[in-house]
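Taken in order, the sequence shown gives residues 818 to 956; the numbers are from this note's numbering.
Here a beta-carbon is modelled for each residue, glycine too, at the ideal position from N, C-alpha and C.
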Amino acid sequence: IENAGYENVRAVAPGDKIIVDSIPVEVVPMYNIVKTNFHPKHNNWVGYILSLEGVRIYHAGDTERIPEMKNLECDIVLMPLGQTYTMNSVEEAAEAVNDVKARVAIPIHYGLYEGTKEDALKFKDLLSDKTEVIIKEIE
């Protein structure tokens with residue numbers, strides 16, 4: 818990576834806590850339980866929780882709903898909807914949002930290669946009682 822011109826790069830693993838430009842970042846696990854050929858747990862791939870002025874923002878990455886999510890609390894979550902490499906269903910993605918107790922959810926990984934706007938709208942409907950869902954308009 819340094820040969821490519823990047824400086825100040827650090828490898829991280831689940832459980833690490835780092836500071837990036839004065840922003841606390843928690844490194845959390847990201848993996849598949851059902852589709853282990855894509856993102857096996859032993860690879861130690863990660864998602865991130867950034868803390869900005871008391872607001873915890875969780876970028877889940879390419880993950881399925883994993884047990885560790887029940888121990889994460891965040892205010893805003895970016896949750897994947899694409900169903901090939903990530904969640905197995907829109908319902909699973911909504912359950913994962915409930916696990917992390919987010920007040921705001923932003924669906925990601927849909928609309929370009931897989932997943933549809935209808936998936937995002939279903940996600941919003943499933944969470945409407947407890948969580949504000951922000952959907953980016955896709956063309």
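Counting the other CB atoms within 10 Å of its CB gives aspartate 879 a total of 16 or more, which places it among the buried residues.
Pairwise C-beta distances place the region 849-856 in contact with the region 876-894, as three or more of them are shorter than 8 Å. Under the DSSP assignment, lysine 858 falls outside any beta strand (DSSP E); it carries neither an H nor an E label. Scanning Tyr930, Ala911, Gly932 and Glu954 for the CA closest to the CA of aspartate 946 turns up Ala911. If you ignore the 5 residues before and after glycine 899, its C-beta comes within less than 6 Å of the C-beta of His926, Tyr927, Glu931 and Gly932, all in its own chain and listed in chain order.
Comparing alpha carbon positions, the residue from Asp838, Tyr865, Ser839 and Ile835 closest to methionine 847 is Tyr865.
With a contact defined as Cβ atoms closer than 8 Å, valine 917 and valine 894 qualify at about 6 Å. Residue range 907-917 is occupied by the alpha helix (DSSP H) that includes glutamate 908.
The beta carbon of proline 841 sits closer than 6 Å to the beta carbons of Ser868 from its chain, once the five residues preceding and following it are set aside; these are given in chain order. Distances from the CA of tryptophan 862 to each of Val921, Asn825 and Thr903 were compared; the closest alpha carbon is that of Thr903. Of the candidates Val829, Cys891 and Glu949, the residue whose Cα lies closest to the Cα of valine 921 is Glu949. In this structure, leucine 944 sits near valine 914, with a CB-CB distance shorter than 7 Å. In this structure, valine 829 sits away from valine 845, with a CB-CB distance that is not shorter than 7 Å.
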